[in-house]
Amino acid sequence: MDFMNIKTHTFLQYIEDTTQRLRTCVMVLRTEGPDACTDADKVNQIYSAYKNNMDEENTGVFPTFLANEWTFLTFETEDEARDWAKDNLPLGRDDVDPDYFVQCWIFDNGALSYANDNLTKLSHRVAAAPSQ
1 MDFMNIKTHT
11 FLQYIEDTTQ
21 RLRTCVMVLR
31 TEGPDACTDA
41 DKVNQIYSAY
51 KNNMDEENTG
61 VFPTFLANEW
71 TFLTFETEDE
81 ARDWAKDNLP
91 LGRDDVDPDY
101 FVQCWIFDNG
111 ALSYANDNLT
121 KLSHRVAAAP
131 SQ
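The sequence shown stops at residue 132 when you use this note's numbering, and every number in between is there.
So, in structure tokens, the structure goes:
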């Protein structure tokens, strides 16, 4: 039997490797609040609010955001990613109703450069992420 050469990566390793290999900035979004909300009417209100905001700049983002718990966006620069995040997402957990909270992490050149939350949901090896 032939053995396959299988390589493993953690989520963070994969994102870090991808940003280095592609020389791009990657934003990872996780719809934590909306996905945990059990009130269907409120979920519709949440996604309507995000749709109205996101569609002003880029109509391609919202359909992916709506249909997935995890959304990956690529930007040419970290500044573009930060500006988009600050225009479209909560700056932190304390800034919004928990049901509206969307986690955001920006990785640039192989490293975490911005987060509106910490990485405890992603990795035990990182205690907190830099913000703004």
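Cβ coordinates follow ideal geometry from the N, Cα and C atoms, glycine included. These numbers come from a predicted model, not from an experiment.
Compare the beta carbon distance of residue i and residue j with 8 Å and say whether it is the shorter of the two.
i: Pro-34; j: Val-28; result: no
i: Ser-113; j: Glu-78; result: yes
i: Ile-106; j: Ala-81; result: yes
Return the CA-CA distance between residue i and residue j, expressed in angstroms with no decimal places.
i: Phe-62; j: Ile-6; result: 34 Å
i: Asp-181; j: Ala-111; result: With the chain covering 1 to 132 only, the question about residue 181 has no answer from this structure.
i: Thr-18; j: Asp-41; result: 38 Å
i: Gln-20; j: Asp-99; result: 33 Å
i: Ala-129; j: Ala-115; result: The pLDDT assigned to Ala-129 is 40, lower than 50, so where the model puts this residue is not dependable, and the model offers no usable value.
i: Gly-92; j: Arg-30; result: 13 Å
i: Ala-85; j: Leu-22; result: 21 Å
i: Trp-70; j: Met-4; result: 29 Å
i: Asn-52; j: Pro-90; result: 15 Å
i: Ser-123; j: Val-26; result: Only weak support exists for where Ser-123 lies, its pLDDT of 43 falling under 50; the coordinates are left without a value.
i: Tyr-50; j: Asn-88; result: 7 Å
i: Lys-16; j: Asp-108; result: The displayed chain sequence assigns Glu, not Lys, to residue 16. About 8 Å.
Since residue i and residue j are thought to touch, with beta carbons under 8 Å apart, how far apart are those beta carbons, to the nearest angstrom?
i: Thr-74; j: Thr-24; result: 5 Å
i: Glu-32; j: Val-102; result: 7 Å
i: Met-54; j: Phe-65; result: 7 Å
Can you tell me which residues form a DSSP beta bridge with residue i?
i: Ile-15; result: Ile-15 is not bridged to any residue.
i: Trp-70; result: Arg-30
i: Gln-103; result: Arg-30
i: Phe-75; result: Cys-25
i: Asp-108; result: Cys-25 and Ala-111
Is the closest heavy atom of the ligand ATP to the C-beta of residue i under 7 Å?
i: Glu-80; result: You won't find the ligand ATP in this model; it holds no ligand whatsoever.
What span of residues does the beta strand (DSSP E) with residue i cover, start to end?
i: Leu-112; result: 111-115
Could you give the first and the last residue of the continuous alpha helix (DSSP H) run that contains residue i?
i: Met-54; result: 40-54
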